[in-house]
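Note that the protein sequences, when read in sequence, are chains R and A.
For the first sequence, position 115 matches number 115 in my numbering, and the numbering has no gaps at all.
For the second sequence, position 177 matches number 1177 in my numbering, and the numbering has no gaps at all.
Idealized CB from N, CA, C, for every residue including glycine.
Structure, as structure tokens:
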Amino acid sequence: MGYFELIVSCILVNNILLAQFLGNCPFLGTSKKMETAVGMAMAVVFVLVLAGVITWIAYTYLLVPYDLVYLRTIAFILVIAALVQFVEMFLKKSIPVLYAGLGIFLPLITTNCAVLGVCIINIDKEFTFMQTLVSSFAYAVGFGLALILFAGVRERVLLARVPRPLQDTSIGLVTAGLLSLTFFAFRGMV
Amino acid sequence: MAKTLVQEFTKGLWAEIPPFRLVLGLCPTLGVTTSMKNGLGMGLATTFVLVFSNILISLMRNLIPSKVRIACFIIIIATFVIVVELLMQAYTYALFQTLGVFIPLIVVNCIVLGRAEAFASKNGLLASTADGLGIGIGFSLSLASLGAVREIIGTGTFFGHSLFGPNYEPFTFMVQAPGAFVALGLMLCMMNLIGKK
């Protein structure tokens, strides 16, 4: 698969939120305001690329040679948790502006299943190092795109008069369904 | 004592049934409920992890230092997820392949970690077991019913058996990605209609 094809497939066709259903808790949780959505999207791009690359290295050079493949899940979640903690400390010291921007979203990423999900998908599809790098970045961009678009729509829904039982999460899910339908239209491309 | 145990168990079945009342763990809810069988399988796998991680965390709750408790919980949960993964690979390989990435992702399912933090780390062994079992069965029921609705409308079958005969034109929207969001949103709406006020 060419890199361009891979990028289009990861951002639009197999969008991590709307087609693969990974990371839906932060999708619904942080999309009520545009600012929080942008913060979350940036944090995910940052951590997902690092996590994808590092788990790939850990899997290929540690787990496979020592025949520990069955420990994949626990190894990956430990790598991600440690990575998030490390990134948080590093940003706090060296780039305080970015740290203030990402704020509370960094620690939440440990339990964002989009991160662990992409790491596992990369391994399952037997990607090379470059493909892992590209696909992690593209999946993260897809996550950000869907989240920010959805936040924009949701800010409008707040102004509308929604029937009582449908309010909040319920109408949010139906809206997400419509957004997912638009992404669904890209399916023939790759 | 017996009465409270029953209460801990039954609250998971209606009052706090995930993912409708506790809106957590949406990824597997949306991802695997294309048929009733998949939903039920996912629910049971999650129940297994939930019950055993609740038991172990409840037993170790006085040993785990509170500063690093989240990390400890995640390791305990991940251990049981690996157990489930290996068991399913051995005995139900076809189901394991359909559920795919969602089985290892039980580790980051907010319901499991949420029960560990909110309940098992503060309560005794029996209460935690009842709580894990109740929430787990509630989650399985939700997934199975959502799966059943999507399967009946989307493919015209129920648990793999044809319902409407060959003339039924399946409404495939329901078993595809956008239908998952819409179906869950409408079910949530119905729960609100029945349950509240």
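{"Check": "Within the stretch 1050-1131 of chain A, ranges of the alpha helix (DSSP H) (whole runs, at least 4 residues)", "Outcome": "1069-1091, 1093-1099, 1110-1115"}
{"Check": "Per-residue contacts from serine 136(R) into chain A (C-beta, under 9 Å)", "Outcome": "Those do not exist, as serine 136(R) stays about 15 Å from chain A at its closest Cβ, beyond 9 Å."}
{"Check": "Identified DSSP bridge partners for phenylalanine 1158(A)", "Outcome": "His1161(A)"}
{"Check": "Alpha-carbon spacing of phenylalanine 1159(A) relative to leucine 1125(A), whole angstroms", "Outcome": "36 Å"}
{"Check": "Burial state of tyrosine 1168(A), where buried means 16 or more other Cβ atoms lie within 10 Å", "Outcome": "exposed"}
{"Check": "C-beta contact flag for phenylalanine 27(R) and leucine 158(R) at 8 Å", "Outcome": "no"}
{"Check": "Rounded separation between lysine 1197(A) and arginine 161(R) - CA only", "Outcome": "With a pLDDT of 45 at lysine 1197(A), under the threshold of 50, the predicted position of this residue should be treated as unreliable, though the coordinate-derived value follows. Using only the alpha carbons, I get a separation of about 19 Å."}
{"Check": "Methionine 1001(A) in three-state terms, based on DSSP", "Outcome": "Residue placement at methionine 1001(A) is flagged as unreliable, the pLDDT there being 49, under the threshold of 50; the coordinate-derived value follows with that caveat. Of the three classes helix, strand and coil, the one that applies to methionine 1001(A) here is coil, per DSSP."}
{"Check": "Cβ-heavy atom distance, glycine 1043(A) to the ligand ADP, below 7 Å", "Outcome": "For the structure depicted, the ligand ADP is absent and the ligand set is empty, with no information on it obtainable."}
{"Check": "Where tyrosine 112(R) sits in the DSSP three-state scheme", "Outcome": "It should be noted that the sequence gives asparagine, not tyrosine, for residue 112(R). Residue state, collapsed to three classes: coil."}
{"Check": "Neighbouring residues, chain R, relative to asparagine 1192(A) (Cβ below 7 Å)", "Outcome": "Pro165, Ser170"}
{"Check": "Serine 1035(A) versus alanine 1177(A) - alpha carbon distance", "Outcome": "13 Å"}
{"Check": "Short CB-CB distance (under 8 Å) between arginine 161(R) and chain A", "Outcome": "no"}
{"Check": "Helix, strand or coil at arginine 164(R) according to DSSP, with G and I counted as helix", "Outcome": "helix"}
{"Check": "Candidates Gly1031(A), Thr1129(A), Lys1037(A): closest to isoleucine 1055(A) by CA position", "Outcome": "Thr1129(A)"}
{"Check": "Arginine 1021(A) (DSSP reduced to helix, strand or coil)", "Outcome": "coil"}
{"Check": "Contact set between serine 180(R) and chain A, taken where Cβ atoms lie within less than 7 Å", "Outcome": "Ala1177, Pro1178, Phe1181"}
{"Check": "Within chain A, the residues that alanine 176(R) reaches when beta carbons sit closer than 7 Å", "Outcome": "Phe1181"}
{"Check": "Given leucine 12(R) as reference, the closest of Ser135(R), Gln131(R), Val47(R) once Cα atoms are compared", "Outcome": "Ser135(R)"}
{"Check": "Residues in the stretch 1072-1092 of chain A having any Cβ partner in chain R nearer than 8 Å", "Outcome": "Ile1074, Ile1075, Ala1078, Thr1079, Val1081, Ile1082, Glu1085, Leu1086"}
{"Check": "Rounded separation between methionine 1001(A) and lysine 1011(A) - CA only", "Outcome": "Confidence at methionine 1001(A) is low in this model, with a pLDDT of 49, below 50, so its placement is unreliable and the value that follows should be read with caution. Taking the straight line from one Cα to the other gives about 16 Å."}
{"Check": "Residues that glycine 23(R) contacts on chain A, provided the C-beta gap is smaller than 8 Å", "Outcome": "Cys1027"}
{"Check": "CB-CB length for serine 180(R) against leucine 1188(A), believed under 8 Å", "Outcome": "About 16 Å separates the two Cβ atoms, so there is no contact after all."}
{"Check": "Spatially closest choice to methionine 1042(A) from Asn1123(A), Ile1057(A), Val1101(A), Arg1021(A), by CA coordinates", "Outcome": "Val1101(A)"}
{"Check": "Helix, strand or coil at glycine 1179(A) according to DSSP, with G and I counted as helix", "Outcome": "helix"}
{"Check": "Span separating the alpha-carbon of valine 1083(A) from that of arginine 164(R)", "Outcome": "43 Å"}
{"Check": "Cα-Cα separation between threonine 1013(A) and leucine 1030(A), rounded to whole angstroms", "Outcome": "Here the sequence assigns leucine to residue 1013(A), which means threonine is not the residue at that position. Each residue's alpha carbon lies about 20 Å from the other."}
{"Check": "Sequence-distant residues of the same chain with beta carbon closer than 7 Å to valine 1182(A), five excluded per side", "Outcome": "none"}
{"Check": "Reduced DSSP category for isoleucine 95(R) - H, G, I as helix; E, B as strand; rest coil", "Outcome": "coil"}
{"Check": "Given methionine 189(R) as reference, the closest of Val97(R), Val8(R), Gly39(R) once Cα atoms are compared", "Outcome": "Val8(R)"}
{"Check": "Terminal residues of the alpha helix (DSSP H) in which glutamine 131(R) lies", "Outcome": "129-159"}
{"Check": "Start and end residues, alpha helix (DSSP H) containing leucine 36(R)", "Outcome": "One point to set straight first is that residue 36(R) is threonine, not leucine, in the sequence displayed. Counting along the chain, the alpha helix (DSSP H) containing threonine 36(R) begins and ends at 34-58."}
{"Check": "Alpha-carbon spacing of leucine 1044(A) relative to glycine 1134(A), whole angstroms", "Outcome": "12 Å"}
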